[in-house]
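One structure is given here, and the rest of the page talks about it.
Number of protein chains: 4
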Amino acid sequence: MSKRDLIIAAAVKVFAEKGFCNSKVRDVAQQAGIADGTIYIYFKSKDDLLISLFETKMDHIYSHFVERLRPLKNPVEKLKVFLETYFNMIREDRELAEVFQVELRQSSKFLKDYHNQKFIDYLNIIGDVINEAKMQGFFRDELNTNFLKVFIFGAIDEMARQWILDREDKLDINLMAREAYDMILKGLVIP
Amino acid sequence: MSKRDLIIAAAVKVFAEKGFCNSKVRDVAQQAGIADGTIYIYFKSKDDLLISLFETKMDHIYSHFVERLRPLKNPVEKLKVFLETYFNMIREDRELAEVFQVELRQSSKFLKDYHNQKFIDYLNIIGDVINEAKMQGFFRDELNTNFLKVFIFGAIDEMARQWILDREDKLDINLMAREAYDMILKGLVIP
Amino acid sequence: MSKRDLIIAAAVKVFAEKGFCNSKVRDVAQQAGIADGTIYIYFKSKDDLLISLFETKMDHIYSHFVERLRPLKNPVEKLKVFLETYFNMIREDRELAEVFQVELRQSSKFLKDYHNQKFIDYLNIIGDVINEAKMQGFFRDELNTNFLKVFIFGAIDEMARQWILDREDKLDINLMAREAYDMILKGLVIP
Amino acid sequence: MSKRDLIIAAAVKVFAEKGFCNSKVRDVAQQAGIADGTIYIYFKSKDDLLISLFETKMDHIYSHFVERLRPLKNPVEKLKVFLETYFNMIREDRELAEVFQVELRQSSKFLKDYHNQKFIDYLNIIGDVINEAKMQGFFRDELNTNFLKVFIFGAIDEMARQWILDREDKLDINLMAREAYDMILKGLVIP
DNA sequence: AATGAATGAGATTTCATTCAT
DNA sequence: CATGAATGAAATCTCATTCAT
């Protein structure tokens, strides 16, 4: 692992635990087992470390989704794979998910001059899958596409957050993925 | 308005704009039109100001929900009123909603020794309405109650966030409330 | 003395002793008997402290020269009074003179966005006296006015520097002023 | 050019532009096209680089003056050649002159344990020429030798500085040398 | 000899908090 | 109660210097 990646990994761990604002550059350095100053060889500032963390990880996530979804044609299949992939990724790197859940949300507000294009691209993947499924007649025609997208994203994101913040490991994320899929497909209420 | 409330109102505005960590006590004082030191007459510390803000506002919100929901018997009616009340409150105080959306989420992480009971109580209102509806046979029996609650809460919360962050006022929050209700009741997919 | 002036006085002492670059903000604070942070209430940065020091002192110096020279008509008289005033001021505040001799010279080079107008105004006082004397036929007509001004300014400035840097107090500054006047008026060589 | 000389040349350029304190060792290394660490093979520290720069250059300057002045007997001739040599050297290496003008002046203040003997020797050359001329009856007998020396040195040094800092190249240094000679020999005022 | 990544001491600056008025 | 100047601990960031390669 390159030293840059080492620092990012340490930052994910530290930011996940204490939040970006409460983390000290020194915390990250200690977590990485390097000197404080070394971080400034690879990143211009603490803010730049967070942004770089976002962009680097987003690139991976984005590619991963694209790779998994590209071979699929059936929109229902895509939706299923999307949900699986989403929850799997959360499971594979819980700390990263924690940073994204909390810090990414407010990044646009607090990081000057940072227009979070990578995150927008990522959200569009989800949006595209849902849009596509809707256009192929899978979702109810009366629904506003934009609200539908937000509704689904919010629902699964909150489920993911529950698991992320569940420090006692009571929750089964695979089960959650299946339930989410079931709720989306079969609806919530008895018809 | 008492000076305490004045400070809380100023804090809501400032924290909404810049986030808690990036806000200075001086910013809040200036927004309130008072001296820095005055804040320390009413609050023990900056952290205490945030916690007090949460608790004070939570009390209002909690009472408001209880008041609206108490007279109702029909769980479907309750669900509808709950959604209406939820989106109305967001609309009535966008800045407060913004603070809650972002800061409340991470509050457990950086506020030492603060177990956010008021927020848990508030979530339980939502949970109770949903549980009640489920137990009365309104929601599908196969669904895990805990996941259902989280799914719905996440969905509407994300819709609310879209409106909160929509600086161009393109979105109609009343429409969003109706759509959310529709999605929950009629499901997303064509049966 | 205002706290601002107290800090400037401390800065003069510290900068004179160690030079601006080698002086720490903490040194100035300790010299002033205040906390480090207090300096930042009155000055934006260490650079700003130096610039403010220049401007504040320059204003005094400028006014002082103008006051002394205004009532005079005779250019020779002006020149004499100018020289007296110049050396007197150096004697009255040796440390300030030291800062000006060394730090002011390089300030334009190292302080970003600082065009040292006050120093230019001050130099013009000397220049004007010399120009005036020249135009009234006091100095030799063949001499280039600009070079003449620089020649005289350099000569007296170097004499002042000798005294400033003379830590053993062997030199008599009043005598130096008289000698300078004599050299200028009677020339250096035997006619 | 040896690597040591290469580094000194780079240092002259960098120090002239930004001043010693504001120059980073890295700047010098980049200017020289070498690695940071290489500088430490040839010089013990950043301070040592400045001192070595002074001493090396001083040796050249000293030898140069001695060489030019040794064959001459007539003190007036010596004075003339001295002035010519002085201004020529300034012209030949403007950046070096810039470093000497500013950094040499304050070197005693921030370089620990450095008694700048080479500079004193160099000043003595000027002093000796002037003293000699004075003793041979060229300068007025009433003048204090020490002040005379300082007066002349300051005058020509300031003239040199004007040219060094004249970024628009409006000044003619050869003309300045002649004028200085004229002012010294013929005096400033109309007899 | 040359490199340049890494170090870490130390500098500037910030800001929550106090307290004399 | 209210003020806001003052504090000083602590944070970010810099950079001269080292040393394994």
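Going line by line, the protein sequences match chains A, B, C and D. Numbering follows this note's numbering, with no gaps: position 136 of the first sequence is 136. Numbering follows this note's numbering, with no gaps: position 104 of the second sequence is 104. Numbering follows this note's numbering, with no gaps: position 30 of the third sequence is 30. Numbering follows this note's numbering, with no gaps: position 185 of the fourth sequence is 185. We put the CB at the ideal spot given by N, CA and C, even for glycine.
Which residue marks the beginning of the alpha helix (DSSP H) containing A/S63, and which one marks its end?
Going by DSSP, A/S63 is part of the alpha helix (DSSP H) stretching over 46-69.
Could you tell me whether the segment 33-41 of chain D touches the segment 90-103 of chain D, using the rule of 3 or more Cβ pairs below 8 Å?
In short, these stretches do not touch, since the Cβ pair count stays below three.
So does the segment 9-25 of chain A actually touch the segment 89-101 of chain A, counting three or more Cβ pairs closer than 8 Å?
Counting Cβ pairs under 8 Å, three or more are found: they touch.
Give me the Cα-Cα distance between C/Y114 and C/F87, rounded to the nearest whole angstrom.
Distance between the alpha carbons of C/Y114 and C/F87: 27 Å.
Just curious, the alpha helix (DSSP H) that A/M176 is in, first and last residue?
Run containing A/M176: 173-186, per the alpha helix (DSSP H) assignment.
Compute the Euclidean distance between the alpha carbons of D/I61 and D/N131, then round it to the nearest angstrom.
D/I61 and D/N131 have their C-alpha atoms spaced approximately 20 Å apart.
Which stretch, first to last residue, makes up the alpha helix (DSSP H) that contains B/E142?
Annotation: B/E142 is outside any alpha helix (DSSP H) and is labelled neither H nor E by DSSP.
With distances taken from CA atoms, which of C/K186, C/L49, C/E77, C/W163 is nearest C/I173?
Cα-wise, what sits closest to C/I173 is C/W163.
Residues of the segment 70-82 of chain C with Cβ closer than 7 Å to any Cβ of chain D, in chain order:
Taking 7 Å as the Cβ-Cβ cut-off against chain D, none of the residues of the segment 70-82 of chain C qualify.
Under 8 Å, with one C-beta from each stretch per pair, do the segment 115-123 of chain A and the segment 46-65 of chain A reach the 3-pair mark?
With the rule of 3 Cβ pairs closer than 8 Å, the segment 115-123 of chain A counts as touching the segment 46-65 of chain A.
Using CA atoms only, rank isn't needed, just tell me which of C/L171, C/A160, C/T145, C/Q31 is closest to D/A180.
Checked all of C/L171, C/A160, C/T145, C/Q31; the closest Cα to D/A180 is C/T145.
Is the CB of A/R105 under 9 Å away from at least one CB in chain B?
Look at A/R105: its C-beta is under 9 Å from a C-beta on chain B.
State buried or exposed for B/A160, treating a residue as buried only when at least 16 other CB atoms are found within 10 Å of its CB.
Answer is buried; the Cβ neighbour count reaches 16.
Say whether chain D places a C-beta atom closer than 9 Å to the C-beta of C/K186.
At least one C-beta of chain D is nearer than 9 Å to the C-beta of C/K186.
Strictly below 7 Å CB to CB, what residues from chain B border A/D157?
Taking a Cβ-Cβ threshold of 7 Å, the residues of chain B close to A/D157 are G154, E158, in chain order.
Alpha carbons only, please: which of C/K18, C/V28, C/E17 is nearest the one belonging to C/D5?
Between C/D5 and the set C/K18, C/V28, C/E17, the nearest pair of CA atoms involves C/V28.
Limits of the alpha helix (DSSP H) - the one that C/G127 falls within
Its alpha helix (DSSP H) spans residues 117-135.
To which residues of the same chain is B/A35 closer than 7 Å at the C-beta, ignoring the five residues directly before and after it?
Only residues of its own chain outside the window of five on either side were considered, and among them A29 have a CB closer than 7 Å to the CB of B/A35, listed in chain order.
Which residues in the same chain as C/R68 place their Cβ atom closer than 7 Å to its Cβ, once the five residues preceding and following it in sequence are excluded?
Cβ neighbours of C/R68 beyond the five flanking positions: V81, T85.
Please list the partners that A/V150 has in chain B, where partner means a Cβ-to-Cβ separation under 7 Å.
Within chain B, the residues near A/V150 are E158, M159, Q162.
For a contact meaning CB atoms closer than 7 Å, what does D/N144 contact in chain C?
Counting only Cβ-Cβ distances below 7 Å, D/N144 has contacts in chain C at E179, in chain order.
Name the chain C residues that come within less than 8 Å of D/M176, Cβ to Cβ?
Going along chain C in sequence order, the residues near D/M176 (Cβ under 8 Å) are F147.
To which residues of the same chain is B/A16 closer than 7 Å at the C-beta, ignoring the five residues directly before and after it?
If you ignore the 5 residues before and after B/A16, its C-beta comes within less than 7 Å of the C-beta of E95, E98, V99, all in its own chain and listed in chain order.
Which chain C residues are close to D/F138, counting only those with a beta carbon under 8 Å from its beta carbon?
Within 8 Å Cβ-Cβ: V189, I190.
Using a beta-carbon distance below 9 Å, is C/M183 in contact with chain D?
At a cut-off of 9 Å, the C-beta of C/M183 has a neighbouring C-beta in chain D.
Give the straight-line distance between the Cα atoms of A/R91 and A/A177, rounded to the nearest whole angstrom.
Between A/R91 and A/A177, the alpha-carbon positions lie close to 11 Å from each other.
Give the DSSP bridge partners of D/V189, in chain order.
Paired residue(s): C/F139.
Where C/S23 falls: helix, strand or coil (DSSP)
Three-state result, C/S23: coil.
Closer than 9 Å at the beta carbon, the chain D residues around C/V102:
Correct list: V102, R105, Q106, K109.
B/F138 beta carbon less than 9 Å from that of B/P75
Yes, the pair counts as a contact, with Cβ atoms nearer than the cut-off.
Is there at least one non-hydrogen atom of the ligand COA closer than 8 Å to the beta-carbon of C/S2?
The ligand COA is not among the ligands present in this structure, which contains no ligands whatsoever.
Excluding the 5 residues flanking D/Q136 on each side, which residues of the same chain have their C-beta closer than 7 Å to its C-beta?
Cβ-Cβ distances below 7 Å link D/Q136 to P75 in the same chain, with the five nearest sequence neighbours on each side left out; the list follows chain order.
Hey, A/V66 and A/K46: beta-carbon distance below 9 Å or not?
No, these two residues do not count as a Cβ contact at 9 Å.
Please report whether the beta-carbon of C/D141 lies at a distance below 9 Å from any beta-carbon of chain D.
Among the CB atoms of chain D, one or more fall inside 9 Å of the CB of C/D141.
Note down the Cα distance separating B/S52 from A/C21, rounded to an integer number of angstroms.
Their Cα atoms are separated by approximately 20 Å.
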